[in-house]
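S.K.:
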Amino acid sequence: MNAVVVDTSAILAVFDEAYDEHVPLAGILTEAAGLLVVSPFIVAEADYMLSSRLGADAARAFGRDIVTGAYELAEWAPEDHAVAVELTRKFDSPKDYVGIADASNVVLADRYRTTTLLTLDQRHFRRLRPLWGADHFTLLPYDAN
144 MNAVVVDTSA
154 ILAVFDEAYD
164 EHVPLAGILT
174 EAAGLLVVSP
184 FIVAEADYML
194 SSRLGADAAR
204 AFGRDIVTGA
214 YELAEWAPED
224 HAVAVELTRK
234 FDSPKDYVGI
244 ADASNVVLAD
254 RYRTTTLLTL
264 DQRHFRRLRP
274 LWGADHFTLL
284 PYDAN
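Quick note on numbering: my numbering labels position 55 of the sequence shown as 198, and the sequence is numbered without any gaps.
1. To which residues of the same chain is alanine 199 closer than 6 Å at the C-beta, ignoring the five residues directly before and after it?
2. List the whole-angstrom C-beta distance separating asparagine 168 from proline 273, where the pair is believed to meet the contact cut-off of C-beta under 8 Å.
3. How is the alpha helix (DSSP H) around leucine 197 delimited, first residue to last?
4. By Cβ distance below 7 Å, which residues in the same chain neighbour tryptophan 289 in space, the five residues on each side in sequence not counted?
5. For the alpha helix (DSSP H) that alanine 227 lies in, which residues bound it at each end?
6. Give the straight-line distance between the Cα atoms of alanine 156 and glutamate 222, rounded to the nearest whole angstrom.
7. Let me check understanding here. Comparing Cα to Cα, which of Leu251, Asp163, Ala225, Ala175 lies closest to alanine 181?
8. Could you give the distance in angstroms between the alpha-carbon of valine 241 and the alpha-carbon of arginine 269?
9. Where DSSP assigns a beta bridge to alanine 146, which residues make up the other side?
10. In the DSSP assignment, find the unbroken beta strand (DSSP E) run with leucine 271 in it and report its ends.
11. In the DSSP assignment, what are the bridge partners of leucine 283?
12. Please confirm whether glutamate 218 and leucine 179 have their CB atoms less than 8 Å apart.
13. Name the two residues that bound the continuous alpha helix (DSSP H) containing alanine 246.
14. Thinking C-beta only, is alanine 277 closer than 8 Å to serine 247?
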């Protein structure tokens, strides 16, 4: 089964119709045939941002999506964290920090052997590379088809 690692930006766009990417992302989620994987960091970040921008009901709706299995909540071990922290160091820039949430997506893509990310964050994920040897990530919705 193919996996797609889901980033905070995509979750926000799915919940917020004001995003230009709302409709394409909603379609991708509806048609997804594989696992939709989220890291614990993305869950926390999305919860905060949804509640701040769209209210507590939106944050709770996303929480229910996790509970009902719409998304696969990935486990996170100290070894995963060590790799993610190293990625934040490797891609460190004074003006463009790659944080632990984005780094966790790269670690999970490695675990699930996928290059497909559901994200609006092209700035970071066009620079980051899959750990398992693929040349680049496929960023949905931008790289669809």
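Think of the CB as a built atom: it goes at the ideal place given N, C-alpha and C, for glycine as much as any other residue. Predicted model, so just to flag it, every value in this text is computed and none were measured.
M.R.: Result, derived from the coordinates:
1. none
2. Reading the sequence as shown, one finds leucine at residue 168 and not asparagine. That pair is no contact at about 21 Å.
3. 183-197
4. Shown here, the chain extends from 144 to 288; a query on residue 289 therefore has no answer.
5. From DSSP, the alpha helix (DSSP H) with alanine 227 extends over 221-233.
6. 31 Å
7. This sequence places valine at residue 181; alanine is not what is there. Here the closest residue by C-alpha is Leu251.
8. 12 Å
9. Leu178
10. Looking at the DSSP string, leucine 271 is not in any beta strand (DSSP E), and its letter there is neither H nor E.
11. Leu261
12. No, Cβ-Cβ distance for glutamate 218 and leucine 179 is not below 8 Å.
13. 243-254
14. Contact flag unset, no.
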